[in-house]
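Enquirer: What the sequence shown shows, in our numbering, is residues 19 to 268, in sequence order.
Here you go, one structure.
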Amino acid sequence: MADVDISNGTTLKKYLHVEVYEKLYHKIKSERYKEGDQLPGENQLAAEFGVSRMTLRQSLMLLSEDGIIRRVHGKGNFITSLKPRSSIGAEGIANPVHSFARVPIDDIQIDIRFEVASDYVMQLFGYTQSMVMMASDRWYRSSSRLIAFCFSFTDLAKLSEQGIDIKDGQAVKEFMDTTVYSLCPHSTTHITLSTRKEFSLTPEQMAAPSLILLSETLFTPDGKPIAQNKYYLDPAYFDFMLNARRVFGL
């Protein structure tokens, strides 16, 4: 632990792994690493900074927590982003993939089908009789990596009201991915973890052993659900922020 003197004579203590973290951050900035670049191996970095691998790993963990690097098991540490974190909070109504991804989304694939609503979905949407709904799967990729998947149920009547041609895959994708959020003044989201690996028609899997699952219901101004989304997110590529405000009188 290093000592740092300040003007009033007080000595502040700084942990060694924090010092190394700061040096690593300076190294990344000064040597102009770019997103996707790989850092030198742990042995090389530990020798460069004159510390143990245990201390170095603590420093790397801080960089990972700050969203600067990501660790790929068996491969090493890679630069994620050097940009300031997004100020968009989870209190807004927006697609969470676009709001919280730390990497650019460069490919979205959609598969559309039609299913009879299950008892659970009928209850969720307030249906009193059997209804056919649009079901869709979306795969989100960054540099060919699958980083998020979304399964959705959508009310066909609401789609028709918006003039969406359900045979037009591009129009449906744009509506589900962005437009629907601008129509909804209210949503509810439950956040859990999932170990699910298989996603519908593709054998492709995300690398993380556990995924963040956001179960989201979107409501129209009349208070009725228009869509229910289940987003499965690889935590290595997402950074969430909550903007909290005190509510007086409660």
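The beta carbon of each residue, even a glycine, is placed where N, CA and C say it ideally should be.
Quick caveat: nothing in here was measured; it's all calculated off a predicted structure.
Give me the Cβ distance between F193 and I230, rounded to the nearest whole Å; I'm assuming they're in contact under 8 Å.
Expert: Not really, about 24 Å apart at Cβ, beyond 8 Å.
Enquirer: Considering just the uninterrupted stretch of the alpha helix (DSSP H) at K176, what are its terminal residues?
Expert: Run containing K176: 174-179, per the alpha helix (DSSP H) assignment.
Enquirer: Going by DSSP, what residue range makes up the alpha helix (DSSP H) through T73?
Expert: 71-83 is the span of the alpha helix (DSSP H), which, as asked, contains T73.
Enquirer: My guess is that D173 and M151 are in contact by the Cβ rule of under 8 Å, so how many angstroms apart are they, rounded?
Expert: With a Cβ gap of about 7 Å, D173 and M151 count as contacting.
Enquirer: Report buried or exposed for F167, applying the criterion of at least 16 other Cβ atoms within 10 angstroms of its Cβ.
Expert: By the neighbour-count rule (16 or more Cβ atoms within 10 Å), F167 is buried.
Enquirer: List the residues that DSSP assigns as beta-bridge partners of V38.
Expert: The partner list for V38 (beta bridge, DSSP) is empty, contrary to what the question assumes.
Enquirer: Rounded to the nearest angstrom, how far is the Cβ of G187 from that of I130, given a contact under 8 Å?
Expert: So it is a contact: roughly 6 Å between Cβ atoms.
Enquirer: Rounded to whole angstroms, what's the CA-CA distance from L236 to H204? Just pull it up for me.
Expert: Using only the alpha carbons, I get a separation of about 6 Å.
Enquirer: Take K176 and list the residues in its own chain whose beta-carbon comes closer than 6 Å to its own, dropping the five residues that flank it on each side.
Expert: Cβ neighbours of K176 beyond the five flanking positions: I244.
Enquirer: Does chain C have any CB closer than 8 Å to the CB of R88?
Expert: In the displayed structure, chain C is absent; only one protein chain is listed.
Enquirer: What is the DSSP secondary structure of P243, counted as helix, strand or coil?
Expert: Correct three-state label for P243: strand.
Enquirer: Just mark D125 as buried or exposed, buried being the case when its beta carbon has 16 or more other beta carbons within 10 Å.
Expert: When all chains shown are included, D125 counts as exposed.
Enquirer: What residue does the beta strand (DSSP E) around H208 start on, and which one ends it?
Expert: It spans 204-212 - the beta strand (DSSP E) in which H208 sits, taken as one unbroken run.
Enquirer: Could you work out which residue in T210, E234, E216 is closest to Y199 when comparing CA atoms only?
Expert: With distances taken between Cα atoms, Y199 lies closest to E234.
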